[in-house]
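J.: There's a structure below that I have some questions on.
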Amino acid sequence: MTRSLALSSISALLLLASTGGAAIPPVRDPLNATPCISPGAISGYLDDPNGFYHAAPSCKAMCKKAEGDCKQYVRLSFSCQTSWLADEISYEKKNCEAIYGAGTSDARTCKSGLDADAKADRLDFMAGRDQALTTCEDWDSTCESTCP
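In this note's numbering, the protein residues as written are 10 to 157.
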């Protein structure tokens, strides 16, 4: 997302210079950073799976439940990231219009660049989610291996 913000900032400075200093206020997301935890951080909150439930009468079921909870929080985190990204892109597209004028070819070019960045960010978010889901599964496997 920083590529988009940097491009918008550069565009704003160029416009400012070309208008003799008459500033156009930027249209920005009121959140200066994502409010979401990374999906990969979720598994860091799980205790060591080695023997965590080994004394429980339903050890394997408890391990499975923990895996399900882990995956649920990973998916919620991913959903938060994609929602935040959509909001961020929405604000940035309004910024393109404020800088270049709605409907202009420069505004369309600006928005197109944002769409490309958003697509790359979504792919990164998906890869992080998938890695985190695998980590939840690995935790469960280790946990179940300690069950009697």
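Note that the Cβ used here is the ideal one computed from N, Cα and C, for glycine as well.
1. Would you give the residue range spanned by the alpha helix (DSSP H) that N104 belongs to?
2. I believe K128 touches K102 by the beta-carbon criterion, under 8 Å. Please report the beta-carbon distance rounded to the nearest angstrom.
3. Mind checking D149: buried by the 16 CB within 10 Å criterion, or exposed?
4. Cα separation between D133 and D115?
5. Exposed or buried, what is P66 when buried is set at 16 or more other beta-carbons lying within 10 Å of its beta-carbon?
6. Comparing C-alpha positions only, which one of G112, D57 and F87 sits nearest to A136?
7. Between the C-alpha atoms of D147 and Y62, what's the straight-line distance to the nearest angstrom?
8. Where does Q140 land, buried or exposed, given buried means 16+ other C-beta within 10 angstroms?
9. Does the separation of the CB atoms of L55 and C89 fall below 9 Å?
T.: Looking at the atomic coordinates:
1. C68 to Y109
2. That pair is no contact at about 14 Å.
3. buried
4. 27 Å
5. exposed
6. F87
7. 15 Å
8. exposed
9. no
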